[in-house]
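**Student:** I'd like to ask you about the structure that follows.
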Amino acid sequence: MSVPSGADQGLDVGDLAMRFGGVAALAGVSFSVRAGGVTSLIGPNGAGKTTAFNIITGFQAPTAGRVAYAGRAITGWRPCRIAALGLVRTFQKTSVFPALSVLENVLTGLHLRGAVGIGAALLRRRRVAEEERRLRGEALGVLEFVGLAARRDESASDLSYGEQRLVELAIGLAARPRLLLLDEPASGMTPAEKAATAALVRRICESGVTVLLVEHDMRMVMGISDRVLVLNHGRLIADGTPAEVQRDPDVIRAYLGTSHAAA
Amino acid sequence: MRRAAAARGAVIVVAAALAPLVVWNPYQLHTLIMAGIFAVLALSLNLLLGYTGQLSLGHAAFFGIGAYASALLSVKLEWSPWLGMLAAIVVPGLAGWGIGRLALKLRGAYFVLLTISFAGVISLVSVNWMDLTNGPLGIPGVPALAIALPGLPELSLRTKGAFYYLVLAAVVLAYLVCRRIIASRIGRALVALRENETLAESVGIDGTFYLVLAAAISAAMAGAAGGLYAHYTRFVSPEVFLFTYTVTMVIMVVAGGKGTLAGPVVGAVIFTVLPEALRALTSWQWQMLLYGILLIATLFFMPNGIVPALAARVARR
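Protein sequence lines, in the order shown, are assigned to chains C and A. Each step along the first sequence adds one to the number in my numbering, with nothing skipped, and position 38 is 38. In short: position in the second sequence from 1, add 263, done, that's my numbering.
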């Protein structure tokens, strides 16, 4: 797969609209995310952040609008195809493979890094063994990276909530994303775990993965983002550096609320 | 550890190969052959139920299609029974592929209903398409399998003693197919579908593709068991589609240990031999009652199945 250069690279969302009955979760949102850096998508509850994630990664079809990634129109593609392009997401609610060990969770995330098909699985034992050895090595590398290597043989469901969120992050990283969409990775974490996750997100970014982050913790968002997009009532109301966004009167109004603007 | 498992497997296969020395009376040998055929069926059902988590309650249909495919081709077109056996794998495999494609987005209860309906339709076809299937009269005179190697006298598998080894080979083959699939990334993809399909899709696992693949392979294996059955009993009738066969397969998989490789085989042997043993020990009134009680007790005390329960016990020591 050739990687288009210049303006074609990255994510382009155009006039995205999503209506549930009479409610517009998204009312024409356009933005682009170029390769590199941490971009945060924030907004009050119900602003449409998760809906935007779901549409970008193919889990929901938009009422109107376009999504393009790396120069390809991916609107309406199935999630597994979008993931194969390098666009991978995590979920707001903890989502792991509960009955599997931590290592198996990550190995499952490495699916696209393997190539064994049914013929090879049945007839070419050595090739399968080689691939399994390679994937295992990669999985251990990912677990080292997120700091879960010591827990690799434990069942994912036995881990603490914060650790399960790390497993989820590790699964996403295992899929070798070029653009990683994180949906509230630190929600429900202790302050110490949040700080560690913030540092981890920065390290993910430094390893060459572009990050698009949805997060409610403003300290975390303002601390690690290169750019912040603000959604309110399904519309983009601000786009800038953390400092610019924090000064923006529309953003302040959306968050502090006037009598009728509560989400 | 892998070597230990291989050694254990070899011991079990050798023991099974020596069984006819002890179990020589035809009735007991027949029970063992049926246990082997059911082991292939349970392994096939387990691939879907145990690994992808989807319950097929129409599995007898694939068994029956396999039996009819091989019987019809070798009786009406006088194909070699071995080509018939090949058809008993390919034709149900295609049917399983079709069912998988139809199921697309159907999961859980909807998948169960689809498979039940499919089996119902196929069963009705076998009864009513008189020109092809002879209807309820069935197809008698299905030829026996025989091994003819150049330079050697033909070895007929007409006798139970000889057929037993063919079935044993089929069980080993089916087990190895399952084990190799499960040991690869394909197996992990199947389990991922069972555990969390949304997450699986998000990391690039094509849920539809792997469910269709599992359904096709599972159906092909069930069909192979059907082909074996046809050439063993030498007679095929719509009875091969009986719902009881499917229920028996489910019992074997669940009680043996679904989602394990050994579970279906252990379940098949126990739940084929058990009714016969009870028949020998008690009167017919008690036979099914005791069978039911023993089944309930098994599931009550070993809810994950016999094999996981024993494995946990060994691990605790």
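Just so you know, even glycine gets a beta-carbon here, dropped at the ideal spot from N, CA and C. Every value quoted in this text rests on a predicted model; they were computed, and no experiment measured them.
Taking Cβ positions, are A:Ile402 and A:Phe472 nearer each other than 8 Å?
**Tutor:** Against the second sequence, residue 402 of chain A aligns to sequence position 139. Against the second sequence, residue 472 of chain A aligns to sequence position 209. Not closer than 8 Å, so no.
**Student:** How would you write the range of the beta strand (DSSP E) that C:Asn133 sits in, first residue to last?
**Tutor:** As a working mapping, residue 133 of chain C is identified with position 133 in the first sequence. Reading the sequence as shown, one finds Arg at residue 133 of chain C and not Asn. Where C:Arg133 is concerned, there is no enclosing beta strand (DSSP E), although the alpha helix (DSSP H) it sits in stretches over Arg125 to Val146.
**Student:** By the 10 Å Cβ neighbour count, where 16 or more other Cβ atoms means buried, how is A:Arg266 classified, buried or exposed?
**Tutor:** Working through the second sequence from its first residue, we reach residue 266 of chain A at position 3. Answer is exposed; the Cβ neighbour count stays below 16.
**Student:** Can you pull the chain C neighbours of A:Ala446, defined as C-beta to C-beta under 7 Å?
**Tutor:** The count along the second sequence starts at 1 and reaches residue 446 of chain A at position 183. Going along chain C in sequence order, the residues near A:Ala446 (Cβ under 7 Å) are Val128.
**Student:** Contact criterion: CB-CB distance below 8 Å. Does C:His216 meet it with respect to chain A?
**Tutor:** Looking up residue 216 of chain C in the first sequence gives position 216. Not one chain A Cβ lies under 8 Å of C:His216.
**Student:** Mapping the DSSP letters down to three states, classify A:Ala446 as helix, strand or coil.
**Tutor:** Within the second sequence, residue 446 of chain A is the residue found at index 183, counting from 1. Of the three classes helix, strand and coil, the one that applies to A:Ala446 here is coil, per DSSP.
**Student:** With DSSP collapsed to three states, give me the class of C:Ala7.
**Tutor:** Walking along the first sequence from the start, residue 7 of chain C turns up at place 7. With a pLDDT of 47 at C:Ala7, under the threshold of 50, the predicted position of this residue should be treated as unreliable, though the coordinate-derived value follows. Helix, per DSSP.
**Student:** Does the count of Cβ pairs from the region 85 to 97 of chain C and the region 173 to 185 of chain C closer than 8 Å reach three?
**Tutor:** yes
**Student:** Quick check on this structure: which residue in C:Val116, C:Asp15, C:Tyr69 and C:Glu104 has the alpha carbon closest to the alpha carbon of C:Thr63?
**Tutor:** As a working note, residue 63 of chain C is residue 63 in the first sequence. The candidate whose alpha carbon is nearest that of C:Thr63 is C:Asp15.
**Student:** Got a sec, what are the start and stop residues for the beta strand (DSSP E) C:Thr210 sits in?
**Tutor:** Here residue 210 of chain C refers to the residue found at position 210 when the first sequence is read from its first residue. Counting along the chain, the beta strand (DSSP E) containing C:Thr210 begins and ends at Thr210 to Val214.
**Student:** Could you check if A:Ala578 is buried or exposed, using at least 16 other CB atoms within 10 Å of its CB as the buried criterion?
**Tutor:** Numbered from 1 along the second sequence, position 315 holds the residue referred to as residue 578 of chain A. Here A:Ala578 is exposed: its Cβ has fewer than 16 other Cβ atoms, across all protein chains shown, within 10 Å.
**Student:** Comparing C-alpha positions only, which one of A:Phe563, A:Thr545, A:Leu320 and A:Ala483 sits nearest to A:Gly519?
**Tutor:** Numbered from 1 along the second sequence, position 256 holds the residue referred to as residue 519 of chain A. Residue A:Phe563 is the option with its Cα nearest to A:Gly519.
**Student:** Once the 5 residues before and after A:Leu365 are set aside, which same chain residues still bring their CB inside 7 Å of it?
**Tutor:** Position 102 of the second sequence, counted from the first residue, corresponds to residue 365 of chain A. Result list for A:Leu365: Leu377, in chain order.
**Student:** What does the Cβ neighbour count give for C:Phe266, buried or exposed, with the cut at 16 atoms within 10 Å?
**Tutor:** Residue 266 of chain C cannot be examined here, being either before or after the span of chain C that is shown, 1 to 263.
**Student:** Note down, in chain order, each residue of its chain lying with its Cβ closer than 6 Å to the Cβ of A:Thr561, except the 5 sequence neighbours on either side.
**Tutor:** Here residue 561 of chain A refers to the residue found at position 298 when the second sequence is read from its first residue. Cβ neighbours of A:Thr561 beyond the five flanking positions: Ala518.
**Student:** Any beta-carbon of chain C closer than 8 Å to the one on A:Glu341?
**Tutor:** Translated into the one-based positions of the second sequence, residue 341 of chain A becomes position 78. Closer than 8 Å: no.
**Student:** DSSP three-state label for A:Val286, please.
**Tutor:** Taking the second sequence and counting its residues from 1, one reaches residue 286 of chain A at position 23. Reduced to three states, the DSSP call for A:Val286 is coil.
**Student:** For C:Ala263, does the three-state DSSP call read helix, strand or coil?
**Tutor:** Numbered from its first residue, the first sequence carries residue 263 of chain C at position 263. The predicted position of C:Ala263 is uncertain, since its pLDDT is 40 and thus under 50; a value taken from the coordinates is nonetheless stated next. DSSP places C:Ala263 in coil when its eight states are reduced to three.
**Student:** Using a C-beta to C-beta distance shorter than 7 Å, which residues of chain A count as neighbours of C:Leu107?
**Tutor:** Against the first sequence, residue 107 of chain C aligns to sequence position 107. Under the 7 Å cutoff, chain A gives Arg451.
**Student:** Is there a Cβ of chain A sitting closer than 8 Å to that of C:His260, yes or no?
**Tutor:** To locate residue 260 of chain C, count along the first sequence from 1; it is residue 260. For C:His260, the pLDDT reaches just 47, beneath the cut-off of 50, and the residue's location in the model is therefore unreliable, although a value from the coordinates is still provided. It does not: the Cβ of C:His260 has no partner Cβ on chain A nearer than 8 Å.
**Student:** Counting only beta-carbon atoms, is A:Ala455 nearer than 8 Å to chain C?
**Tutor:** Sequence index remark: in the second sequence, residue 455 of chain A carries index 192 (1-based). So yes, A:Ala455 belongs to the interface.
**Student:** State the beta-bridge partners of A:Ser500 as determined by DSSP.
**Tutor:** Along the second sequence, one-based indexing puts residue 500 of chain A at 237. None; A:Ser500 has no bridge partner.
**Student:** Taking three-plus beta-carbon pairs below 8 Å as touching, is the region 190 to 204 of chain C in contact with the region 119 to 136 of chain C?
**Tutor:** no
**Student:** Say whether the region 424 to 434 of chain A touches the region 285 to 299 of chain A, bearing in mind that this needs 3 or more beta-carbon pairs closer than 8 Å, one atom from each stretch.
**Tutor:** Short answer: they touch.
**Student:** With 8 Å as the limit, tell me which residues of the region 338 to 370 of chain A have their beta carbon closer than that to any beta carbon of chain C; keep them in chain order.
**Tutor:** none
**Student:** Under 7 Å between beta-carbons, which chain C residues line up against A:Leu476? List them in chain order, please.
**Tutor:** By 1-based counting over the second sequence, the position of residue 476 of chain A is 213. Among the residues of chain C, those whose CB is under 7 Å from the CB of A:Leu476 are Ile118, following chain order.
**Student:** By Cβ distance, which residues of its chain are closer than 8 Å to C:Leu103, with the 5 residues on each side in sequence left out?
**Tutor:** Locating residue 103 of chain C in the first sequence gives position 103, counting from the first residue. For C:Leu103, where only same-chain residues beyond five positions count, the Cβ hits under 8 Å are Arg136, Ala139, Leu140, Leu143, Arg152 and Asp153.
**Student:** Jot down the residue ranges of each uninterrupted alpha helix (DSSP H) in the region 317 to 405 of chain A, minimum 4 residues, whole runs only, in chain order.
**Tutor:** 322 to 338, 344 to 366, 372 to 391 and 393 to 396
**Student:** Could you tell me which uninterrupted beta strand (DSSP E) segments, each at least 3 residues in length, are contained entirely in the region 29 to 117 of chain C, listed from first to last along the chain?
**Tutor:** Counting only runs of 3 or more, we get 38 to 42, 64 to 69 and 87 to 89.
**Student:** Give me the subset of the region 423 to 446 of chain A whose CB atoms are less than 8 Å from a CB atom of chain C, sorted by chain position.
**Tutor:** Residues passing the 8 Å Cβ filter: Val440, Arg443, Ile444 and Ala446.
**Student:** Looking at the unbroken alpha helix (DSSP H) that takes in A:Val570, where does it start and where does it end?
**Tutor:** By one-based count along the second sequence, residue 570 of chain A stands at place 307. Element bounds for A:Val570: Ile569 to Arg579.
**Student:** Could you tell me which of A:Thr315, A:Gly526 and A:Phe301 sits nearest to A:Ala479, measuring between CA atoms?
**Tutor:** By one-based count along the second sequence, residue 479 of chain A stands at place 216. The option with the nearest alpha carbon to A:Ala479 is A:Thr315.
**Student:** Please report how far the alpha carbon of C:Gly162 lies from the alpha carbon of C:Ala170, in whole angstroms.
**Tutor:** Counting from one through the first sequence, the residue named residue 162 of chain C turns up at place 162. Counting from one through the first sequence, the residue named residue 170 of chain C turns up at place 170. Roughly 13 Å separates the two Cα atoms.
**Student:** Assign A:Ile559 to one of three DSSP states: helix, strand, or coil.
**Tutor:** For this step, residue 559 of chain A is matched to residue 296 along the second sequence. A:Ile559 falls in the helix class under three-state DSSP.
**Student:** Report the option in C:Arg203, C:Leu166, C:Ser40 and C:Asp248 whose CA atom is closest to the CA atom of C:Gly188.
**Tutor:** On the first sequence, position 188 is the one that residue 188 of chain C refers to. It is C:Leu166.
**Student:** The alpha helix (DSSP H) that contains A:Leu310, what's its start and end?
**Tutor:** As a working note, residue 310 of chain A is residue 47 in the second sequence. Where A:Leu310 is concerned, there is no enclosing alpha helix (DSSP H), given that its DSSP letter is neither H nor E.
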